[in-house]
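Chains A and B, in that order, give the protein sequences.
This note's numbering numbers the first residue of the first sequence as 2 and each following residue consecutively.
This note's numbering numbers the first residue of the second sequence as 39 and each following residue consecutively.
Glycine is no exception: its CB is placed at the ideal position from the N, C-alpha and C atoms.
Okay, structure first, notes after.
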Amino acid sequence: MKIDDIELQQKLHPAMVEGDHDFASVTDKISDVTLKKRTPFHWFIGFGISFMVAQLLLFTVIWLLANGIGIWGNNQPVGWAFDIINFVWWIGIGHAGTLISAILLLLNQKWRTSINRFAEAMTLFAVACAAMFPLLHTGRPWLAAYWLFPYPNTMGIWPNFRSPLIWDVFAVSTYATVSLLFWYVGLIPDFATLRDRAKNPFFKFVYSILSWGWRGSARHWHRYEIAYLILAGISTPLVLSVHSIVSFDFSVSQLPGWHATIFPPYFVAGAVFAGFAMVLILCIPLRRWYRMQDFITHQHLVYMAKVMLATGLIVVYGYAMEAFFGWYSASQYEVFMIKNRIWEGPYWWSYWLLIFCNGASIQLLWFERFRNSEFWLFLISIVVSVGMWLERFVIIVTSLHRDFLPSSWAMYSPRVWDWTMFVGTIGFFFTLLYLFVRFVPIISIFEVRTLLPDAHVHGHQQDFEELVNEVEDTYDKTDPPNN
Amino acid sequence: MAQFFNKSANNIARISILAGVVLVATAGFSFTQLARSSYLTGRYMEKQQPVQFSHKHHVGDDGIDCRYCHSTVETTASAGMPPTQTCMNCHSQIWADSPYLEPVKASFRENKPILWERVHDLPEYTYFNHSIHVAKGVGCSTCHGQIDDMPAVYQENTLQMEWCLACHRAPEEFIRPKSEIYNMKWKNSDLDSKERLELKASLKIRSKEMMTSCSTCHR
């Protein structure tokens, strides 16, 4: 290979592990986070704050069950508000995890390897937060169980299968199940590593159960690879289908502002956009606190920034199309809705804030300077997360507060319980994430090892013959033992 | 790579998969059974009434027509509970000195109604009307069971929605001629399925769509 080719290769496929690492050092570095005796002080601070914030959720849920959903601000005509906004926001965030773990795996993108583990964990925890909202927005979740899973069917009727709300239940529960399996299957070899290294008998016991007797035999690896690929294949369509179905909750209805054909792709792009923003928000402090810069390299951040820019632009295209559809429909209701949303209505500020967060802020990512700066990436990711939340607020509230009947027009404003529930789920999310960071390897140990140069030794036969010759030569030169 | 568990743990793992399936299946089945159990529906639970009144005696032995006491069953939503005066029509003459009748006589003297315990308690969100059911060929015993054989009346059916819908979806399987509504001895086999279909047509029972529309029962 010519020098130019090598340079080009390095440029096209930069090494995704930096520093001077071999198999042992990778394993040490990552498993130490879980196994070392002393838990770092910053962990306790982070976990403590998250856990306290999560108590807001507990308190809100108890208050909600005692009093019903009247404690929230939503009322006619804005019958859906924070409950669905937060649901869609959380579900969207999860999407980056699945995209990273499944689609990038099938596309053979090596850079997924060191971020997939915690991105998948993020997916699971985000789905857990999301699932709370549809359950609790019924006010009586034990009765809502019937609509999610209509057994025992003592009413003798099925839920309405023509309603996207029931599709949503199936989409999200499939998504949660497959994501959990995918995550867990990927974890088995690493749990076995932890089992072998754990000193504490209790943790050794727990990791032994979790690793299902994994010995790392060729047969184990063979089956593992097949299982992992199958799960990746199942997950791949889910990346597209779940948020498409979430968008049907809106687009299948007849309301101006919701009834648009662009919704499914626009929602999927928005989900991946929000998800990558969240991955960056988690990734940037994590790699620093745990000194994982060798594995989650600068290059990773740059790639994620690029994905964020690309999906962000698709979302901006979606906003443009929404406005265009409103005008092009020539329907007075659609025209009114879009005008009302953008400049005539009382929520005009939310629309422009959204355009600033999701449209303007990401334009910085065109410039290498901002892509290379952790500070700017972190800041832009937070702005994007806020923007994606605002997007759902704009879609839901501005469409509903001016419905077909002017006599029912009303303003919506959230009450304190709307906020405590939302903030509480954020606390819950970070609580789970902190526990994950403490007890599970945050980066896939064995997959990172495959990225090392040691894993790509060529010409084994030749090496072996050379080694044999060398050993024989040495033997010949050595004096025979005195006897 | 030393294994933490003994090799026999493999068997435990395999059995636990089977046990997991069995556990989930059993839990699921138990749950469906519990949801339809007497414990939750009140089915077959005899209610203690303020008076030891026996339907078995009055209907089965004496042959009193249902409508003698439940007089509004053909005309209103409620079948109607008899006033104490209805009891006294007979009991001012017969068994007038029986101590069992003391609560009835007290009610009559003080002009205070007897507080009967409701046996069939439908939820408030269901609209139910006795008169339409009687007019369209649903006999008393179809829903209330063999009242003539119940010393203390109990709820014969679950009153769950699936039970209502079983008839609303296929009324021809349950109806009888209007002359037989109060006949406690009527059996479904007294008419064959063809005759019941004809009966359904002659009673002008509405379409299945109409009968199972939400607002037929939830108004």
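Per-residue contacts from residue i into chain B (C-beta, under 8 Å)
i, result
"A/W367", "Those do not exist, as A/W367 stays about 50 Å from chain B at its closest Cβ, beyond 8 Å."
"A/R196", "F42"
Interface partners of residue i on chain A, CB under 9 Å
i, result
"B/R74", "P153, T155"
Whole-angstrom distance between residue j and residue i, CA atom to CA atom
i, j, result
"A/I282", "A/V273", "14 Å"
"A/W159", "A/D295", "54 Å"
"A/W64", "A/A129", "20 Å"
"A/L366", "A/S386", "15 Å"
"A/G71", "A/D21", "60 Å"
"B/L153", "B/Y220", "26 Å"
"A/S400", "A/A127", "26 Å"
"A/L416", "A/I86", "Sequence inspection shows Arg at residue 416 of chain A; the Leu mentioned does not correspond to that position. Going by the C-alpha atoms only, they are around 14 Å apart."
"B/R52", "A/S209", "15 Å"
"A/K379", "A/T194", "One detail in the question is off: residue 379 of chain A reads as Phe in this sequence, not Lys. Taking the straight line from one Cα to the other gives about 33 Å."
"B/H256", "B/G80", "22 Å"
"A/A120", "A/S102", "8 Å"
"B/R74", "B/N149", "41 Å"
"A/F268", "A/D169", "14 Å"
"A/P41", "A/G47", "10 Å"
"A/V438", "A/F430", "12 Å"
"B/M248", "B/A208", "12 Å"
"A/N484", "A/N470", "A caution first: A/N484 carries a pLDDT of 45, below 50, which makes its placement in the model unreliable, though a value can still be read off. So the alpha carbons of these two residues sit roughly 26 Å apart."
"A/A97", "A/V280", "7 Å"
"B/Q198", "A/M156", "6 Å"
"B/R214", "B/H168", "15 Å"
Three-state class that DSSP yields for residue i in the structure shown
i, result
"B/N149", "coil"
"A/N76", "strand"
"B/Q193", "strand"
"B/R81", "strand"
"B/D230", "coil"
"B/Y106", "helix"
"A/P265", "helix"
"B/H171", "helix"
"A/A199", "coil"
"A/R220", "helix"
"B/M188", "coil"
"B/T180", "helix"
"A/M389", "helix"
"A/T155", "coil"
"A/A82", "coil"
"A/S414", "coil"
"A/I94", "helix"
"A/S212", "coil"
"A/Q364", "helix"
Residue i: contacting residues in chain B (beta-carbon distance under 9 Å)
i, result
"A/K205", "F42"
"A/G69", "Within 9 Å Cβ-Cβ: nothing; A/G69 doesn't reach chain B, min ~16 Å."
"A/I297", "Going along chain B, no residue has its Cβ under 9 Å from A/I297, so there is no contact; the nearest lies around 28 Å."
Beta-carbon neighbours of residue i, restricted to chain A and to distances below 7 Å
i, result
"B/P70", "Correcting the residue identity first, residue 70 of chain B is Thr in this sequence and not Pro. Those within 7 Å of B/T70 in chain A are Y152, P153."
CB contact below 8 Å: residue i versus chain B
i, result
"A/W148", "no"
"A/S174", "no"
"A/S209", "yes"
"A/I282", "no"
"A/I189", "no"
"A/I158", "yes"
"A/M2", "With a pLDDT of only 49 at A/M2, under 50, the local geometry of the prediction cannot be trusted, and the value read off the model is given with reservation. Answer no: the Cβ-Cβ gap between A/M2 and chain B never drops below 8 Å."
Where residue i meets chain D, residues with beta-carbon distance less than 7 Å
i, result
"B/N48", "Chain labels in this structure do not include chain D; the protein chains are A and B."
Test: residue i CB closer than 8 Å to a CB of chain A
i, result
"B/A51", "yes"
"B/Y165", "no"
TODO: Output, in sequence order along the chain, the residues in the segment 197-231 of chain B whose CB is closer than 9 Å to any CB in chain A.
DONE: Q198, M199, E200, W201, C202, L203, A204, R207
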